[in-house]
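> Using this note's numbering, you'd call the opening residue of the sequence shown number 200 and step up by one each time. Built from N, CA and C at the ideal position, the CB exists for glycine as well.
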Amino acid sequence: MSQETKQAVKHSSWLLLGIILLGSSLRMVITVIPPILAPIQHSLHLSSAVAGSLTTIPLLCFAVLSPIAPRVSAKIGTELALLIALVILVIGNWMRVYSATALIIGTLMVGIGVAFLNVLLPALVAANYPTKIGEMTSLYSFSMTFFSAISAGVSAPLAGKIGWQMTIQIFSLVALVNILTWFPNLRYNHKAQPEAVTESTTPRQSVWKQPTAWMMTLFMGLQSFVFYTLITWLPTLMVDRGVSANTASLLLGLYQIASLPAAYVVPIVSARVKNQFTLLMCIGAGFVIGIGGLLLPIHTIWYFAIICIILGCATTASFALAMTLFNLKTRTPQETADLSGMAQSLGYLIAAVGPISYGTLHIMLGGWNLLMGVLLVIALLTIATALYVNSKEDVFH
Numbered sequence: 200m201s202q203e204t205k206q207a208v209k210h211s212s213w214l215l216l217g218i219i220l221l222g223s224s225l226r227m228v229i230t231v232i233p234p235i236l237a238p239i240q241h242s243l244h245l246s247s248a249v250a251g252s253l254t255t256i257p258l259l260c261f262a263v264l265s266p267i268a269p270r271v272s273a274k275i276g277t278e279l280a281l282l283i284a285l286v287i288l289v290i291g292n293w294m295r296v297y298s299a300t301a302l303i304i305g306t307l308m309v310g311i312g313v314a315f316l317n318v319l320l321p322a323l324v325a326a327n328y329p330t331k332i333g334e335m336t337s338l339y340s341f342s343m344t345f346f347s348a349i350s351a352g353v354s355a356p357l358a359g360k361i362g363w364q365m366t367i368q369i370f371s372l373v374a375l376v377n378i379l380t381w382f383p384n385l386r387y388n389h390k391a392q393p394e395a396v397t398e399s400t401t402p403r404q405s406v407w408k409q410p411t412a413w414m415m416t417l418f419m420g421l422q423s424f425v426f427y428t429l430i431t432w433l434p435t436l437m438v439d440r441g442v443s444a445n446t447a448s449l450l451l452g453l454y455q456i457a458s459l460p461a462a463y464v465v466p467i468v469s470a471r472v473k474n475q476f477t478l479l480m481c482i483g484a485g486f487v488i489g490i491g492g493l494l495l496p497i498h499t500i501w502y503f504a505i506i507c508i509i510l511g512c513a514t515t516a517s518f519a520l521a522m523t524l525f526n527l528k529t530r531t532p533q534e535t536a537d538l539s540g541m542a543q544s545l546g547y548l549i550a551a552v553g554p555i556s557y558g559t560l561h562i563m564l565g566g567w568n569l570l571m572g573v574l575l576v577i578a579l580l581t582i583a584t585a586l587y588v589n590s591k592e593d594v595f596h
């Protein structure tokens with residue numbers, strides 16, 4: 200973001216805590232589901248298609264609502280929009296345990312809430328901490344990954360002790376605390392301000408007409424496709440290869456915990472260096488080793504642990520870089536929101552294809568090797584699109 204726009208708006212002293220807690224809700228209420236999908240399906244008598252939709256529904260919400268979120272924020276204010284999103288998320292997550300219908304409606308509400316958080320968090324950081332974009336993105340990315348690791352790692356063992364219903368509801372508590380601590384931020388509820396017009400000012404350009412924005416959208420979509428496909432089906436793949444369900448849940452938690460350093464370091468590093476080529480090569484190597492490793496006939500727990508560590512680092516690094524690039528490749532908070540809205544809208548539409556298509560194809564093919572081979576190709580295409588974005592100075596100029 201250019202120097203002339205690095206003017207922070209006034210904000211509450213509670214905002215930093217609020218941003219960290221907002222980060223916790225980005226994935227936690229989604230990653231809690233895959234390890235306990237079997238008891239949910241059995242208890243509510245769900246078909247495989249409906250069970251698979253529990254991951255796909257939030258992604259479709261991201262796709263539909265991402266371009267709407269900046270408009271709502273501009274009309275009612277970013278801080279108020281985020282509060283409403285949190286309330287919708289908590290209500291949806293709490294209610295979705297009571298019946299099959301409530302599960303679908305509640306998951307839809309969770310998707311609506313997280314969709315707004317996804318889009319508005321980068322814009323919130325850009326407006327309030329314009330000179331600390333890397334550090335602030337690191338904080339909420341770290342929070343997102345940490346709480347996602349907890350929900351993925353403990354959900355299956357916890358569900359075995361207290362039931363899957365209470366397990367899901369417990370993960371509403373962090374968002375509830377976030378709501379209670381967010382109210383001071385409403386004193387500084389910011390709406391988008393019209394840009395000052397000068398003789399040198401050019402008319403605002405549509406993000407939908409920018410080639411770099413489209414490549415950024417592909418990067419966001421493909422990296423999300425890889426992540427959500429792995430997070431949904433990696434436990435099943437490991438169980439199919441002889442790992443117990445509880446161990447698979449713990450390994451999924453390891454996947455998330457191992458990615459914590461990447462969640463914190465990548466935004467800071469990418470904000471401080473002008474060229475992210477080396478970082479992208481490291482992420483690409485992680486994809487090749489991690490996904491390629493799933494093609495080998497090695498089925499020990501320790502081997503899967505190493506694969507989970509590598510994939511956790513690679514997928515989280517790619518997501519953290521994408522979130523940071525929304526800021527680095529734009530010059531104003533409104534441009535950041537527009538790019539974030541476009542990239543996450545179409546990007547999550549691409550991502551939504553992953554979990555449901557891989558579930559269907561696995562049933563048809565009866566194995567995982569071909570599917571993992573295709574996923575490796577998609578991961579390499581992810582790096583190719585990111586390299587294009589990296590080569591451009593700015594999306595709009």
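Just curious, the alpha helix (DSSP H) that Tyr557 is in, first and last residue?
Run containing Tyr557: 532-564, per the alpha helix (DSSP H) assignment.
> To the nearest angstrom, report how far apart Ile582 and Ala358 are at their CA atoms.
37 Å
> Can you tell which of Gly452, Trp432, Thr523, Gly441 has the C-alpha that lies nearest to the C-alpha of Val472?
Thr523
> Is it buried or exposed, Thr397, if we count other Cβ atoms within 10 angstroms and call 16 or more buried?
Unreliable positioning characterises Thr397 in this predicted model, as indicated by a pLDDT of 42, which lies under 50. A coordinate reading is not provided.
> Helix, strand or coil for Arg471? Go by DSSP, reduced to three states.
helix
> Among Leu586, Arg270, Phe418, Leu493, which one has its Cα closest to the Cα of Asp537?
Arg270
> May I ask you to verify whether the segment 283-294 touches the segment 365-373, counting CB pairs closer than 8 Å and requiring at least 3?
Output reads yes: the segment 365-373 touches the segment 283-294.
> May I ask which residues mark the beginning and end of the alpha helix (DSSP H) holding Glu334?
332-361
> Nearest to His244 by alpha carbon, out of Leu225, Thr529, Ile287, Thr300?
Between His244 and the set Leu225, Thr529, Ile287, Thr300, the nearest pair of CA atoms involves Thr300.
> Compare the C-alpha of Ser458 against each of Val286, Asn388, Gly565, Phe518 and name the closest.
The option with the nearest alpha carbon to Ser458 is Phe518.
> Cα separation between Gln409 and Ser423?
21 Å
> Is Arg295 helix, strand or coil by DSSP?
Coil, per DSSP.
> Where does the unbroken alpha helix (DSSP H) through Ser590 begin, and where does it stop?
Per DSSP, Ser590 lies in no alpha helix (DSSP H) and is assigned neither H nor E.
> Indicate the three-state DSSP secondary structure (helix, strand or coil) for Gln364 in the structure shown.
Three-state result, Gln364: helix.
> Let me know the alpha helix (DSSP H) ranges lying completely inside the segment 260-291, each 4 residues or longer, listed in chain order.
268-275
> What does the alpha-carbon distance come out to for the pair Leu338 and Tyr463?
6 Å
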